[in-house]
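In what follows, a structure is listed as C-alpha cells, so that the remarks can point back to it.
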Amino acid sequence: MKIIGTGSSLPKKVVTNDMLSEFLDTSDEWIFPRTGIKSRFVISDEDLVQLGADAARKAIADAGIDKSQIDYFICSNVVNEYMTPGLSCAISQELGISAPCIDINCACPGFIYALDIAETHWLAGKVHNVLIVCAEEPTRMTSWQDRSTCVLFGDGAGAVVLSDGNNVKGIKLHAEPDVSKIWQKRRLMPTPYVTKEEVEVPLQMMGREVFKFAVNASTTEVEALLKEIGMTKDEVSYYMVHQANMRIIDAIKKYLAEPEEKFPSNIRNHGNSSSASCTILLDECNRKGLFKQGDILVFSAFGAGLLSAAAVVEW
Ligand code: UT7
0 MKIIGTGSSL PKKVVTNDML SEFLDTSDEW IFPRTGIKSR FVISDEDLVQ LGADAARKAI
60 ADAGIDKSQI DYFICSNVVN EYMTPGLSCA ISQELGISAP CIDINCACPG FIYALDIAET
120 HWLAGKVHNV LIVCAEEPTR MTSWQDRSTC VLFGDGAGAV VLSDGNNVKG IKLHAEPDVS
180 KIWQKRRLMP TPYVTKEEVE VPLQMMGREV FKFAVNASTT EVEALLKEIG MTKDEVSYYM
240 VHQANMRIID AIKKYLAEPE EKFPSNIRNH GNSSSASCTI LLDECNRKGL FKQGDILVFS
300 AFGAGLLSAA AVVEW
C-alpha cells in the first residue's frame with residue numbers, strides 16, 4: 000500500500016508541568032530532564048469519538064478521495080467510553096461511512112499492527128483504500144494522584160489513509176508477553192455466580208523495565224528489518240519513533256548511531272499518546288512539508304503487552 004493522506008486532532012486543554020505541580024508532588028525540574036515533556040493535550044469536554052472522526056476527516060481530505068471509497072477501517076485504541084460497540088463503529092457513524100471496521104488493542108505499537116493488517120488485506124486483494132485511526136485517551140487510565148504515571152501521558156488522535164501502491168517495504172512485529180510490566184484492570188458487572196474478588200486498578204507501570212524493553216526492542220527490530228529487506232541505515236530519511244520518553248528516543252539514536260536530524264519529535268508538547276503518537280507525529284511532519292517523495296520512513300513503537308513493531312515505508 001501507499002500512505003496518501005494524514006490527519007490529526009487534539010483536545011484543546013494544554014496542561015503544563017507547572018500546572019501538575021500545583022496538585023502533585025512533582026516539578027518541571029523533575030519531569031523535563033527525565034522525559035523531555037513540557038506539556039500535554041488532555042481531554043476535558045471532548046469525546047474521543049469526535050477527535051478520532053476529526054482526524055479521519057482531515058486524512059481523507061488530504062488523500063483527496065471521497066469517504067465512500069474507504070473499503071476497510073482499522074481503529075487502534077486502548078480505552079474509550081464504550082465497552083461496545085468498538086470505537087471504529089462509533090467513529091464510522093460520526094463520519095457517515097459503512098466500510099467493514101475493526102478495533103485493535105495493541106497499545107503503543109498499534110499503528111504498525113494496523114498497518115500490517117492493512118497491507119496483508121491489500122496483498123490478499125481484498126481492499127484498495129484503508130483508513131487507520133489511532134485514537135487514545137491514556138490520561139483517563141492513570142491515577143492523577145500517581146506522579147510516576149500521570150505526568151507521562153497526553154491524549155489525541157492521528158489518522159492515515161492508505162491506497163494501492165508498493166510503498167510498504169517491510170514490517171516486523173514482536174511480542175514478549177508479560178502483563179506485569181504495564182497493566183490496568185476494571186471491574187465488570189457482578190453476577191450471582193462470580194465468586195472471585197475483582198478490583199479496579201489504574202495504570203501501573205514498571206518504568207525502568209519498560210524503558211529497557213523499549214530501547215532493546217526498537218534497535219534490534221529496526222536493524223533486523225532493514226537487513227531483511229536489504230536496506231542500510233544510510234538510505235533511511237527519518238525514524239518515526241513512538242514518543243514515549245525523550246531519553247528512550249535518545250538511547251535508540253545512540254545505539255543506531257544515527258544523527259539527531261533523522262529523528263523528528265513532538266514529545267515536548269504532547270507526552271505519550273500511546274498508538275496515536277506515531278500518527279500525530281507523521282501528520283505534523285507531513286503538514287510541515289518535511290517529507291519528499293521517495294523518502295524512507297522507519298516507524299518504531301513499543302509498549303504494553305509487551306508488544307513492539309517496526310515498519311519501513313517509502314513516502
Ligand atoms: O509506551 C511505553 C510507556 N512507558 C514508558 O515510556 C516508560 C519508560 N520509563 C521511563 O520513562 C522512566 O522509567 C520514568 C520517567 C517513568 C521514571 O524515571 P526513573 O528514572 O526510572 O525514575 P523512578 O521511577 O526510578 O523514580 C525515581 C524517583 C522516585 O523517588 P525515590 O523512591 O527515589 O525517592 C520516585 O518516587 O523519582 C520519584 N518520582 C518523581 N518525582 C517527582 C517518580 N515520578 C516523579 C515525578 N515527580 N513525576
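Numbers 0 to 314, taken from numbering that gives the first Met the number 0, label the letters of the sequence shown in order. Ideal placement from N, C-alpha and C gives every residue a C-beta, glycine not left out.
Q) Does the Cβ of residue 107 lie closer than 7 Å to at least one heavy atom of the ligand UT7? A) yes
(Q) Let me make sure I understand the geometry here. Which of 8, 75, 138 has the alpha-carbon closest to that of residue 14? (A) 138
Q) If you count every other CB in all the chains shown that lies within 10 Å of the CB of residue 165, and 16 or more means buried, which is it? A) exposed
Q: Over the uninterrupted beta strand (DSSP E) stretch that includes residue 150, give me the two end residues.
A: Premise fails: residue 150 is in no beta strand (DSSP E) and is neither H nor E.
Q: Pick helix, strand or coil for residue 166, following the three-state DSSP scheme.
A: When secondary structure is reduced to three states using DSSP, residue 166 falls in the coil class, being assigned neither helix nor strand.
Q) Exposed or buried, which one is residue 39 when buried takes at least 16 other CB atoms within 10 Å? A) buried
Q.
Once the 5 residues before and after residue 47 are set aside, which same chain residues still bring their CB inside 6 Å of it?
A. Excluding sequence neighbours, residue 47 sits near 79, 134, 136.
Q.
For residue 35 and residue 251, which I take to be in contact (beta-carbon distance under 8 Å), what is that distance rounded to the nearest angstrom?
A. Their Cβ separation, rounded to whole angstroms, is 13 Å, which puts residue 35 and residue 251 out of contact at 8 Å.
Q) Do residue 90 and residue 117 have their CB atoms nearer than 8 Å? A) no
Q: Use the C-beta contact count for residue 43: other C-beta atoms within 10 angstroms, 16 or more gives buried, fewer gives exposed.
A: exposed
Q) Given residue 64, which residues of its chain have a CB within under 8 Å of its CB, disregarding the five upstream and five downstream residues? A) If we look at residue 64 and ignore the five residues flanking it on each side, its Cβ neighbours are 3, 4, 128, 160, 162.
Q: Could you tell me how far apart the beta carbons of residue 309 and residue 111 are, in whole angstroms, since I believe they sit closer than 8 Å?
A: 7 Å
Q.
Do residue 210 and residue 247 count as a contact pair if the criterion is CB distance below 8 Å?
A. Taking 8 Å as the Cβ cut-off, residue 247 and residue 210 qualify as a contacting pair.
**Q.** Contacting residues, own chain, Cβ-Cβ under 7 Å from residue 218 (five flanking each side not counted)
**A.** 251, 254, 255
**Q.** Member of 207, 94, 167, 158 whose CA lies at the smallest distance from the CA of residue 132
**A.** Of the listed residues, the one whose Cα sits closest to residue 132 is 158.
Q: Please list, in chain order, all residues of the same chain as residue 200 whose beta carbon is under 8 Å from its beta carbon, the five residues on each side excluded.
A: 182, 183, 184
Q) If you check the beta carbons only, do residue 258 and residue 280 fall under 8 Å apart? A) no
Q) Looking only at C-alpha atoms, which of 168, 189, 206 sits nearest to residue 180? A) 206
Q. The beta strand (DSSP E) with residue 310 in it runs from where to where?
A. 306-313
Q) Taking the continuous alpha helix (DSSP H) assigned at residue 276, which residues delimit it? A) 275-286
Q: Assign residue 77 to one of two classes, buried (16 or more other C-beta atoms within 10 Å of its C-beta) or exposed (fewer than that).
A: buried
Q. Using the rule of at least 16 other Cβ atoms within 10 Å of the residue's Cβ for burial, across every protein chain shown, is residue 22 buried or exposed?
A. exposed
Q. Do you know how far the Cα of residue 191 is from the Cα of residue 286?
A. Those two C-alpha atoms are separated by around 55 Å.
(Q) For residue 19 and residue 60, I'd like the C-alpha separation in whole angstroms. (A) 36 Å
Q | Beta-carbon gap between residue 275 and residue 243 smaller than 8 Å | A | no
Q. Among residues of its own chain, excluding the 5 on either side of residue 30, which ones have a beta-carbon nearer than 7 Å to its beta-carbon?
A. 16, 36, 150
Q: Would you kindly work out how many angstroms separate the C-alpha atoms of residue 198 and residue 260, rounded to a whole number?
A: 46 Å
Q: Return the CA-CA distance between residue 203 and residue 107, expressed in angstroms with no decimal places.
A: 15 Å
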